[in-house]
Ligand SMILES: Nc1ncnc2c1ncn2[C@@H]1O[C@H](COP(=O)(O)OP(=O)(O)O)[C@@H](O)[C@H]1O
Ligand SMILES: [Mg+2]
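Numbering (the numbering used here), first residue to last: 1347 to 1821.
So, in structure tokens, the structure goes:
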């Protein structure tokens, strides 16, 4: 059976274009849209399982923003809430929000439209009209429940994802997209007792097992959302208030998002952070930079927090790398801007964010990077000097530390020549107040030479004997 969509409306809507294009008559009257489109829009788009949380949190954030700016009575103080329930034993995930919801009268149409987002052209974060399908690849049943203010009941839409996957696999079944949807989707209406006046929730039942069972692993989900979701900064982070003020043009969201009823999550930034398992460091100062768009407007606001630049910061700290955000949701990962650094590794030494405001800088469909256009190039061109600045700070800090190490840790260096250094070590450990000025100088120069690690054991012996001779001479 073939699947078709009429092109009549396309023709009517673009009569001029059709007239201008002579060979359009060669096109068929109907465009075939096959079932595989659904796989392309779910499994193929969201290869990183955790990214489905980002899609649902993003929808929740848009819906809460919409309710808060709706002028609806009682929302002067906007209390956006996103609740995530993760039940590993039941293999169930539920993500609910108290945003606008969707009116039951239009919900079926909205939730069955594909690639036709009502948000396109608005300030909302989503715009491609496919993100809600992300869960299809990772569960056996996906359920949406919603209602908007004024609705008596709520709508429930169930997607039989297992049946859908079987249909996609079946090479003998060649149904139209619409026919497949008709078979796997069921709709019902329910009394809305104990439900908020407006809400939306998505429930994934029988969640499939992925690497580390990440979707049902609360610590992994928490760490992911602390980096990606539009959460408030932690109150103990000393620059949280200043950043909120300076980022006032950004739709920060800053919603309360809680997992399994625990205290709401906060962004991962704190005044101290782990550079590695053994080394901690402290953030020292904040740098803010505004980047301009092609017309001289504001393209992005960058903030960087400088520190001691001890080395590449462990990814476990969840703050490493210059990150990109649109609508306060992260695009890509900590490595996104590797290319703009003189050496990619220096991105790992950096702590900071680029909040993008220019709507012409567009996240790609997978949200793992940006569409490559002149506006994105203009942005990266302005980021490069900042990246060079980070690399410079990293190199300077590193060489200063090396110098200090050479001067301050002679024993450590001498231990390198352990087999024959008993006498050397005892010499170096001679308390410096018992040495003359000349002896001190000589000792320092010897320590410098050895610390530079360019002295062979033989050379070391020669210098040492000179030192001993010098020291044994009358003062
Ligand atoms: N949490 C939600 N609250 C209210 N409406 C929602 C929610 N999630 C999805 N929707 C509706 O479904 C539509 C499609 O969502 P989605 O497929 O994620 O595409 P997009 O976010 O790009 O529009 C949204 O535009 C919105 O109208
Ligand atoms: Mg979306």
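Just so you know, even glycine gets a beta-carbon here, dropped at the ideal spot from N, CA and C.
Here's the rule I'm using: 16 or more other beta-carbon atoms within 10 Å means buried, otherwise exposed. How should residue i be labelled?
| i | result |
| --- | --- |
| residue 1468 | exposed |
| residue 1742 | exposed |
| residue 1631 | exposed |
| residue 1496 | exposed |
| residue 1434 | exposed |
| residue 1750 | exposed |
| residue 1718 | exposed |
| residue 1401 | buried |
| residue 1528 | exposed |
| residue 1408 | buried |
| residue 1381 | buried |
| residue 1701 | buried |
| residue 1581 | exposed |
| residue 1628 | exposed |
| residue 1317 | Here the chain has residues from 1347 to 1821 only, and residue 1317 is not among them. |
| residue 1562 | buried |
| residue 1710 | exposed |
| residue 1405 | buried |
| residue 1753 | exposed |
| residue 1462 | exposed |
| residue 1746 | exposed |
| residue 1519 | exposed |
| residue 1446 | buried |
| residue 1640 | exposed |
| residue 1665 | buried |
| residue 1517 | exposed |
| residue 1444 | buried |
| residue 1748 | exposed |
| residue 1725 | buried |
Short of 8 Å in beta carbon distance, which residues of its chain neighbour residue i, apart from the five on each side in sequence? Order them along the chain.
| i | result |
| --- | --- |
| residue 1611 | 1568, 1571, 1572, 1575, 1577, 1603, 1604, 1605 |
| residue 1644 | 1595, 1636, 1637, 1638, 1703, 1704 |
| residue 1502 | 1489, 1490, 1491, 1533, 1534, 1535, 1536 |
| residue 1454 | 1501, 1503, 1533 |
| residue 1531 | 1458, 1503, 1504, 1505, 1506 |
DSSP puts residue i in a beta bridge; with which residues?
| i | result |
| --- | --- |
| residue 1504 | 1489, 1532 |
| residue 1593 | Residue 1593 is not bridged to any residue. |
| residue 1631 | 1652 |
| residue 1676 | 1671 |
| residue 1619 | 1627 |
| residue 1468 | Beta-bridge pairing links residue 1468 to no other residue. |
| residue 1701 | 1647, 1671 |
| residue 1636 | 1647 |
| residue 1431 | 1440 |
| residue 1609 | For residue 1609, which the question treats as bridged, DSSP gives no partner whatsoever. |
| residue 1522 | 1380 |
| residue 1545 | 1493 |
| residue 1499 | 1537 |
| residue 1604 | 1429 |
| residue 1716 | 1709 |
| residue 1404 | None, per the DSSP bridge assignment. |
For residue i, which residues from the same chain have a beta carbon less than 7 Å from its beta carbon, with the 5 sequence-adjacent residues on both sides left out?
| i | result |
| --- | --- |
| residue 1592 | 1634, 1647 |
| residue 1597 | 1411, 1469, 1673, 1674 |
| residue 1607 | none |
| residue 1523 | 1349, 1379, 1380, 1381, 1383, 1384 |
| residue 1475 | 1459, 1460, 1461, 1462, 1463 |
| residue 1758 | Legend: pLDDT at residue 1758 = 36, less than 50; position of this residue unreliable, value from coordinates given subsequently. Here the set comprises nothing. |
| residue 1302 | With the chain covering 1347 to 1821 only, the question about residue 1302 has no answer from this structure. |
| residue 1712 | 1391 |
| residue 1667 | 1680, 1681, 1693, 1694, 1696 |
| residue 1722 | 1707, 1716 |
Using C-beta distances below 6 Å, list every residue in its chain close to residue i, excluding the 5 sequence neighbours before and after it, in chain order.
| i | result |
| --- | --- |
| residue 1566 | 1560 |
| residue 1887 | The structure shown does not extend to residue 1887, since the chain is modelled only from 1347 to 1821, so the question has no answer here. |
| residue 1483 | 1388, 1389 |
| residue 1548 | 1402, 1441, 1490 |
| residue 1682 | 1670 |
| residue 1599 | 1407, 1576, 1674 |
| residue 1651 | 1629, 1632, 1697 |
| residue 1479 | 1387, 1388 |
| residue 1465 | 1472, 1473 |
| residue 1733 | 1686, 1687 |
| residue 1827 | Since the first residue shown for the chain is 1347 and the last is 1821, residue 1827 is missing from the structure and cannot be characterised. |
Let me see if you follow: with CB-CB separation under 8 Å, is residue i close to chain B or not?
| i | result |
| --- | --- |
| residue 1402 | The structure shown contains no chain B, having only a single protein chain. |
- Could you name the residues whose beta carbon sits closer than 5 Å to any heavy atom belonging to ligand 2, keeping them in chain order? Taken from the N-terminal end onward, the list reads 1405, 1472, 1477.
- Would you be able to state if there are at least three C-beta pairs under 8 Å between the segment 1433 to 1449 and the segment 1507 to 1514? no
- Message: For the segment 1581 to 1590 against the segment 1548 to 1568, do three or more pairs of beta-carbon atoms, one drawn from each stretch, fall closer than 8 Å, so that the two count as touching?
- Response: no
- Query: Given 8 Å as the limit, is there contact between the segment 1675 to 1691 and the segment 1617 to 1628, that is, 3 or more CB pairs closer than that?
  - Reply: no
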